[in-house]
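Written below as structure tokens is the structure these notes are about.
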Amino acid sequence: MSRKHAGFGGPLIKSLAIALDIRDPLTVRNLCKSYGSREVVAGVSFELKRGECFGLLGPNGAGKTTTLRLCLGLTEPDSGSIILVDSKVPEAAREARRRVGVVPQLDNLDPDFTAAENLLVYGRYFGMADRETRKRIPDLLDFAGLTQRADSKINTLSGGMKRRLTLVRALINDPDLIVMDEPTTGLDPQARHLIWDRLKRLLAQGKTIFLTTHFMDEAERLCDRLMIMDNGKVINQGPPRELVGEHIEPQVVEVYGDGLDQWLEKFARPHAKRVEITGETAFCYGDGLEPLLKNLQSQTALRYLHRPANLEDVFLKLTGRELRD
Amino acid sequence: MIAVKYFRLPDISGRFLAIWRRNFLVWRKLAIPSMLGNLADPMLYMLGLGFGLGTLLPQVGGVQYMIFLAGGTVCYGTMNSATFEALYSAFSRMHAQRTWDAILNTPQNLDDVVMGEVLWAASKSLLSGMAILVVIWLLGLSHSPLTVLIIPLALLIGLCFASMGMMITALAPNYDFFMYYFSLWITPMTLLCGVFYPVSQLPAGLQTIAQFLPLTHAIDLVRPLLANKIPTNALGHIAVLLVYGVVSYYAALVLMRRRLLK
Numbered sequence: 023m024s025r026k027h028a029g030f031g032g033p034l035i036k037s038l039a040i041a042l043d044i045r046d047p048l049t050v051r052n053l054c055k056s057y058g059s060r061e062v063v064a065g066v067s068f069e070l071k072r073g074e075c076f077g078l079l080g081p082n083g084a085g086k087t088t089t090l091r092l093c094l095g096l097t098e099p100d101s102g103s104i105i106l107v108d109s110k111v112p113e114a115a116r117e118a119r120r121r122v123g124v125v126p127q128l129d130n131l132d133p134d135f136t137a138a139e140n141l142l143v144y145g146r147y148f149g150m151a152d153r154e155t156r157k158r159i160p161d162l163l164d165f166a167g168l169t170q171r172a173d174s175k176i177n178t179l180s181g182g183m184k185r186r187l188t189l190v191r192a193l194i195n196d197p198d199l200i201v202m203d204e205p206t207t208g209l210d211p212q213a214r215h216l217i218w219d220r221l222k223r224l225l226a227q228g229k230t231i232f233l234t235t236h237f238m239d240e241a242e243r244l245c246d247r248l249m250i251m252d253n254g255k256v257i258n259q260g261p262p263r264e265l266v267g268e269h270i271e272p273q274v275v276e277v278y279g280d281g282l283d284q285w286l287e288k289f290a291r292p293h294a295k296r297v298e299i300t301g302e303t304a305f306c307y308g309d310g311l312e313p314l315l316k317n318l319q320s321q322t323a324l325r326y327l328h329r330p331a332n333l334e335d336v337f338l339k340l341t342g343r344e345l346r347d
Numbered sequence: 383m384i385a386v387k388y389f390r391l392p393d394i395s396g397r398f399l400a401i402w403r404r405n406f407l408v409w410r411k412l413a414i415p416s417m418l419g420n421l422a423d424p425m426l427y428m429l430g431l432g433f434g435l436g437t438l439l440p441q442v443g444g445v446q447y448m449i450f451l452a453g454g455t456v457c458y459g460t461m462n463s464a465t466f467e468a469l470y471s472a473f474s475r476m477h478a479q480r481t482w483d484a485i486l487n488t489p490q491n492l493d494d495v496v497m498g499e500v501l502w503a504a505s506k507s508l509l510s511g512m513a514i515l516v517v518i519w520l521l522g523l524s525h526s527p528l529t530v531l532i533i534p535l536a537l538l539i540g541l542c543f544a545s546m547g548m549m550i551t552a553l554a555p556n557y558d559f560f561m562y563y564f565s566l567w568i569t570p571m572t573l574l575c576g577v578f579y580p581v582s583q584l585p586a587g588l589q590t591i592a593q594f595l596p597l598t599h600a601i602d603l604v605r606p607l608l609a610n611k612i613p614t615n616a617l618g619h620i621a622v623l624l625v626y627g628v629v630s631y632y633a634a635l636v637l638m639r640r641r642l643l644k
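Residue numbers (our numbering), protein chains in the order written: chain U, 23 to 347; chain X, 383 to 644.
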């Protein structure tokens, strides 16, 4: 709408129109939600910029899925404000969801329908005419690499195919924002790479993506910015490389094997800036780890891996190493 | 405790149609076996009980037993059809298949889903009622032109039982839970409300109970129409079905909101 009227009203309206057009697809302020005495989302604020991929990371039970549900207006917050694609949520959630595509964590494709029927029926939920939807279906199936499977029943599709179909189902309404809850959980590496490729293409088309994930490589690869949540709170946010640079020493040596404890006391602690232990493995963080590596070459009982620090190291540092259930 | 926000009035719009059409598209794929079931079941009841039992009996309620049974079967079949759809099928879509989750991520909201599902269950029961009516016509059990009025009545009965079923679905943790509903509500109605014999045969206490059950009122409406008579106190019977339907529809909605919009 803003674009259409921009020509008539002079520079002011024009700039206003541009301003409207670049409004953030999602703005969340001081969001809170409790179930009984359990505070699941505790004062969360963030915003998505148009065209970026924004990742929400956190261990199980951190409040990620609840945050997504709140943003989509599927549950009401106790307090805080949400503006989703220019509409107030939950008040105008229905209006907002018109311009949003959602890829859920668990596949909920309609098992009674073929791939193409799934898309047709989903279009109807958006109030789209069948004629309009039918025109979009071939392109969407092509994007999903499922052109040959248009008339296949859902239960004959592989996990990767189902996930791709779920992805293009979320594109049926040509959304501005795509919300994805763990888009590649449960997929094999080939299927994950294919999904990543499609997400990158969507970003190149100017779509905004909001995803949650457990996979640090996924977050590092796809996301322009990340937010790490734990116990309902935002622990940190920023671009992946910045988070790594800010929180973690640049180098890591992972060491495991017999005699690890003595070796750690004797060599690692004096040379590494920081040593963390998870199970049987010691993570030695530091800047110049060459003396350590030299020593490790002579340790026959110990095995090691030297690598640059990554997002997983940040994640574990910020959210702790204990198991979450 | 149920939060106040769940009690807001239903948000009624035409959007439910997309959900109704979804169910219709699934049904269409299985239409032939489904229709056969709709026809075969009541036909077996009417023929089996009608001949088997009917030959042993003098006239029941002033008519041949098979004709008496036909009126009950229309209502019983309609009730069952709406009930099964609103319980098992809706529960599958809500819980096992997560179809509702997918729908709720679109501009549809839960009020649309509940309305689409209740109207769909009522539509299926309308179809069942009509199938039984066709059997009645084919067997020549009624030549009354008033039987046409059974068609809108089947829709009303369907809406009433679909709403009640949806309320139970909103409370159900699993499929087994529905057995309580059948044992405590549907089966007693089948046996007390005059499907197989006149309510007047029951002891006074049970007759009083029967007067509070919706199926009794459905049958009191349908049976006279088959005999080409206007039912006595028709408005009263319709009102009972409407009250049951409206109250349980609203309760179903509130319970669904509590369950799914937490």
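Cβ coordinates follow ideal geometry from the N, Cα and C atoms, glycine included.
Inter-residue distance for Y563 (chain X) and R410 (chain X) is about 29 Å (C-alpha atoms, whole angstroms). Between N491 (chain X) and the set U:Y147, U:E334, U:D134, U:P211, the nearest pair of CA atoms involves U:Y147. For the set U:F76, U:N317, U:E204, U:L311, the Cα lying nearest the Cα of N82 (chain U) is the one of U:E204.
Between the alpha carbons of I401 (chain X) and M548 (chain X) lies a gap of roughly 15 Å. For L486 (chain X), the chain U residues whose Cβ falls inside 8 Å of its Cβ are L96, in order along the chain.
Proximity of R60 (chain U) to chain X, defined by a Cβ-Cβ separation below 9 Å, is not satisfied. Non-local beta-carbon contacts of F560 (chain X) in its own chain, meaning distances under 6 Å to residues more than five positions away in sequence, involve L469 in chain order. Proximity of D134 (chain U) to chain X, defined by a Cβ-Cβ separation below 9 Å, is satisfied.
Against chain U, a Cβ distance below 8 Å from K644 (chain X) picks out Y57, T97.
The alpha-carbon of L340 (chain U) is positioned some 38 Å away from that of I194 (chain U).
Counting C-beta pairs with one atom in each stretch, the region 195 to 215 of chain U and the region 223 to 230 of chain U have three or more that are closer than 8 Å, which means they touch. In the three-state scheme derived from DSSP, where H, G and I count as helix and E and B as strand, R329 (chain U) is classed as strand. Look at the region 280 to 307 of chain U and you find these whole runs of alpha helix (DSSP H), each 4 residues long or longer: 282 to 285. Straight-line measurement puts the Cα of G522 (chain X) at about 33 Å from the Cα of L407 (chain X). Put simply, the region 162 to 173 of chain U does not touch the region 108 to 124 of chain U. Fewer than three CB pairs are less than 8 Å apart. Between the region 119 to 131 of chain U and the region 481 to 500 of chain X there are three or more inter-stretch CB-CB distances shorter than 8 Å, so the stretches are counted as touching. Contact check for R480 (chain X) against P330 (chain U) fails: the beta carbons are separated by 9 Å or more.
The alpha helix (DSSP H) runs lying completely inside the region 414 to 499 of chain X and spanning 4 residues or more are 447 to 466, 481 to 486, given in chain order. Counting of Cβ neighbours within 10 angstroms places E467 (chain X) among the buried residues, the total reaching 16 or more. In the DSSP assignment, F398 (chain X) falls within the alpha helix (DSSP H) that extends over 398 to 411. Burial state of D283 (chain U) is exposed, judged by a 10 Å Cβ sphere holding fewer than 16 other Cβ atoms. Under the Cβ distance rule, K411 (chain X) counts among the residues neighbouring chain U, one pair being separated by less than 9 Å. Taking 9 Å as the cut-off, the beta carbon of A464 (chain X) is found closer than this to the beta carbon of K506 (chain X). Listed in chain order, the positions of the region 162 to 183 of chain U with a beta carbon within less than 9 Å of a beta carbon of chain X would be empty, since no residue qualifies. Looking at the backbone, the Cα of E312 (chain U) and that of A304 (chain U) are separated by about 17 Å. Apart from the 5 residues on each side of it in sequence, Y388 (chain X) sits with its Cβ closer than 7 Å to the Cβ of V636, R639, R640 in its chain, given in chain order. Only those residues of the region 463 to 493 of chain X whose C-beta falls short of 7 Å from the nearest C-beta of chain U are listed: Q479, R480, T481, D483, A484, I485, L486, N487, T488, P489, Q490, N491. Taking 4 residues as the shortest admissible run, the region 180 to 262 of chain U contains the following complete alpha helix (DSSP H) segments, listed from N- to C-terminal end: 181 to 191, 211 to 226, 238 to 244.
DSSP, read as helix, strand or coil, puts S56 (chain U) in strand. Within 9 Å of the CB of K387 (chain X), the CB atoms of chain U belong to E98, in sequence order along the chain.
C-alpha of Q583 (chain X) to C-alpha of L566 (chain X): approximately 21 Å in a straight line.
A503 (chain X) is outside the set of residues whose beta carbon lies under 9 Å from a beta carbon in chain U. At a cut-off of 9 Å between C-beta atoms, L520 (chain X) does not count as an interface residue with respect to chain U. In the DSSP assignment, S103 (chain U) falls within the unbroken beta strand (DSSP E) covering 101 to 106. Following the DSSP letters along the chain, one finds K611 (chain X) in no alpha helix (DSSP H), marked with neither H nor E.
Non-local C-beta neighbours of V297 (chain U) in its own chain, meaning closer than 8 Å and more than five positions away in sequence, comprise L286, A290, R291, A304, F305, C306, Y307, ordered along the chain.
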